[in-house]
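Enquirer:
Protein chains: 2
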Amino acid sequence: MDSNLSRRERKKRETHRRLMGAALQLFREHGYDATTVEQIAEAADVAKGTFFNYFDTKEAILPALAEWRLRQLEDVLMPERGAPASPVARIKMALCLVAEDPLANPSLAGRLFAAIMPHRQEQDVHPGRALARLLADQVHQAQVAGEIRGDLDPLYVGGVIRTLFFQQLLIWHCGQCPGPLPDLLSGMVDLLLDGIAGPRWRQSS
Amino acid sequence: MDSNLSRRERKKRETHRRLMGAALQLFREHGYDATTVEQIAEAADVAKGTFFNYFDTKEAILPALAEWRLRQLEDVLMPERGAPASPVARIKMALCLVAEDPLANPSLAGRLFAAIMPHRQEQDVHPGRALARLLADQVHQAQVAGEIRGDLDPLYVGGVIRTLFFQQLLIWHCGQCPGPLPDLLSGMVDLLLDGIAGPRWRQSS
DNA sequence: TGTATAATATGACCCTGGTCATTTTTGTTC
DNA sequence: GAACAAAAATGACCAGGGTCATATTATACA
Chain A
0 MDSNLSRRER KKRETHRRLM GAALQLFREH GYDATTVEQI AEAADVAKGT
50 FFNYFDTKEA ILPALAEWRL RQLEDVLMPE RGAPASPVAR IKMALCLVAE
100 DPLANPSLAG RLFAAIMPHR QEQDVHPGRA LARLLADQVH QAQVAGEIRG
150 DLDPLYVGGV IRTLFFQQLL IWHCGQCPGP LPDLLSGMVD LLLDGIAGPR
200 WRQSS
Chain B
0 MDSNLSRRER KKRETHRRLM GAALQLFREH GYDATTVEQI AEAADVAKGT
50 FFNYFDTKEA ILPALAEWRL RQLEDVLMPE RGAPASPVAR IKMALCLVAE
100 DPLANPSLAG RLFAAIMPHR QEQDVHPGRA LARLLADQVH QAQVAGEIRG
150 DLDPLYVGGV IRTLFFQQLL IWHCGQCPGP LPDLLSGMVD LLLDGIAGPR
200 WRQSS
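Residue numbers (numbering that gives the first Met the number 0), protein chains in the order written: chain A, 0 to 204; chain B, 0 to 204.
(1) Using a Cβ-Cβ distance under 7 angstroms, would residue 34(B) count as near chain A?
(2) Can you find a CB in chain B that lies within less than 7 angstroms of the CB of residue 59(A)?
(3) Pop quiz: residue 174(B) and residue 153(A) are said to be a contact at Cβ under 8 angstroms. What is the actual Cβ separation, rounded to whole angstroms?
(4) Along the chain, which unbroken stretches of the alpha helix (DSSP H) at least 4 residues long are found entirely within the stretch 77-105 of chain B?
(5) Nearest to residue 98(A) by alpha carbon, out of 168(A), 131(A), 110(A)?
(6) Tell me whether the stretch 106-114 of chain A and the stretch 88-105 of chain B touch, counting them as touching only if at least three CB pairs, one residue from each stretch, are closer than 8 angstroms.
(7) For a contact meaning CB atoms closer than 9 angstroms, what does residue 175(A) contact in chain B?
(8) Which residues of the stretch 134-154 of chain B have a Cβ closer than 8 angstroms to any Cβ of chain A? Give them in chain order.
(9) Can you list, in chain order, the residues of the stretch 107-118 of chain B whose Cβ is nearer than 8 angstroms to any Cβ on chain A?
(10) List, from N- to C-terminal side, the alpha helix (DSSP H) runs of 4 residues or more that fit wholly inside the stretch 6-62 of chain A.
(11) With distance defined between alpha-carbon atoms, name the residue in 28(B), 76(B), 197(B), 22(B) nearest to residue 56(B).
(12) Determine the contact status of residue 190(B) and residue 171(B), defining contact as a CB-CB distance below 7 angstroms.
(13) For residue 18(B), does the count of other Cβ atoms within 10 angstroms reach 16, so buried, or fall short, so exposed?
(14) Are the CB atoms of residue 149(B) and residue 134(B) within a distance shorter than 7 angstroms?
(15) Mind listing the chain B neighbours of residue 130(A)? Cutoff is C-beta to C-beta under 8 angstroms, in chain order.
(16) Below 8 angstroms on the Cβ atoms is my guess for residue 83(A) versus residue 92(A); work out the distance and round it to an integer in Å.
(17) For residue 182(B), which residues in chain A fall below 7 angstroms Cβ to Cβ?
(18) Could you tell me the boundaries of the alpha helix (DSSP H) in which residue 135(B) lies?
(19) Hey, could you find the ends of the alpha helix (DSSP H) residue 169(B) is sitting in?
(20) For residue 147(B), name the three-state secondary structure that DSSP assigns.
(21) Here's the rule I'm using: 16 or more other beta-carbon atoms within 10 Å means buried, otherwise exposed. How should residue 130(A) be labelled?
(22) To the nearest whole angstrom, what separates the beta carbons of residue 196(B) and residue 147(A), a pair I think is in contact under 8 angstroms?
(23) Going straight from the alpha carbon of residue 205(A) to that of residue 8(B), what length do you get?
(24) Find the residues of chain A that neighbour residue 163(B), judging by a C-beta separation of less than 7 angstroms, and give them in chain order.
(25) Just list the residues that DSSP pairs residue 196(A) with in beta bridges.
(26) Looking only at C-alpha atoms, which of 69(B), 43(B), 24(B), 25(B) sits nearest to residue 14(B)?
(27) Buried or exposed: which applies to residue 162(B), given that a residue is buried once 16 or more other Cβ atoms fall within 10 Å of its Cβ?
(28) Assign residue 137(B) to one of two classes, buried (16 or more other C-beta atoms within 10 Å of its C-beta) or exposed (fewer than that).
(29) Tell me whether residue 71(A) is buried or exposed, calling it buried when 16 or more other Cβ atoms sit within 10 Å of its Cβ.
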């Protein structure tokens, strides 16, 4: 598959991959802040400037890493692969799996979240929407199955779930939050499903 | 009120206020990134090092600014002051008002959000939960009024609303999102109230 | 193979956030 | 008010993110 690419393209992808691998390892080992761009570049055997030919900023490597890790998740979510038949259950499963990834550790998750959020005017389709899209896909399937209202934009709902996922993850990690993380995440999804309306709201609306 | 404070305390508060004022003005004028700590210190007529006697980091001034601005909002939310009688309507109103604040502009909102989110282990009660607490207060009133389920922790729900508020704000600001922002925010609250469950989920759960 | 052109790599350099030893100010005690 | 202690201000300094002019490498074409 790579053979019909030019040598240039092959080298480029190779360097890209080496940078990501080096970054992931160093982040895991020393955390985000304690890892310098120079160290990443060094470990990938390129000069510091080269790093910035591949990523606009130090933070920009995080969404790329996230997308990389997420691709492996996609086929685990197939019902044929043993995933639950219920789309909502699959959503919960996906969140639990993501939460277990080394990228979801306290030091990185916050940075990743910040990097994913559209700080500034994003021109084109920005990366880091990988999780939102993966979730949107499951949301769509849940809509077909009737587990989620059909009148909502799947990508919108996917974005909401992703955002709340990060919030819960961060709260659980460094706030003091009772119980295991999977329960917290599952409860969050249930809350979103059932809504927060009380009796007087439901009857009036 | 200040007269029974020592001169030291008075000067300290005065400097604190000057730093915040200078920062707000410069951020408004040039944006967050284009404003340096030295400029803020200069405008507040202190040395750069002094800034860091008052705020741990450049970002740390944002939650302080937010809290400052938010205090004015609190009494506008009193029903006696003309605010809606329905707590849920007051929540929506609060979000719209916050969205209009200069701090909620695209350049700052993202940074503020990132600063508010617990990146790392926060030891004590961290600042920047001001909005979550304000919302939690309204949520509690909504629970008393029966508009929101009584079995939920108000602070939890307040945190959820705050997080989704920022998400919507950022999406609307720099994504392309149809319609006026107040409608988007109101719709977001309604979604949270009604839940996203479809017919098959409701009957099965 | 030689040459021109575009893509990529490089590291010296700059800027700014953040630190810290030192100085200045304030409060206290005699 | 002199002497001392505690608090606060200061700016030289450092580290690391990010830039850019230049050097190197790959491709195209004769």
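The C-beta atom is built at its ideal place from N, Cα and C for all residues, glycine as well.
Expert: Let's see:
(1) no
(2) no
(3) Between residue 153(A) and residue 174(B) the Cβ distance is about 16 angstroms, and since that is not below 8 angstroms, they are no contact.
(4) 86-99
(5) 168(A)
(6) no
(7) The premise fails here: residue 175(A) is roughly 10 angstroms from chain B at the closest Cβ pair, so nothing lies under 9 angstroms.
(8) 141, 142, 144, 145, 146, 147, 148, 149, 151
(9) 109, 110, 112, 113, 116, 117, 118
(10) 6-29, 36-42, 47-53
(11) 22(B)
(12) no
(13) buried
(14) no
(15) Within chain B, no residue comes near residue 130(A); the closest Cβ sits about 13 angstroms away, beyond 8 angstroms.
(16) 6 angstroms
(17) Per Cβ cutoff of 7 angstroms: no residues; residue 182(B) is ~14 angstroms from chain A at best.
(18) 129-143
(19) 153-173
(20) strand
(21) buried
(22) 7 angstroms
(23) Beyond the ends of chain A as shown, which are 0 and 204, falls residue 205(A); an answer cannot be given.
(24) 159, 162
(25) 147(B)
(26) 43(B)
(27) buried
(28) buried
(29) exposed
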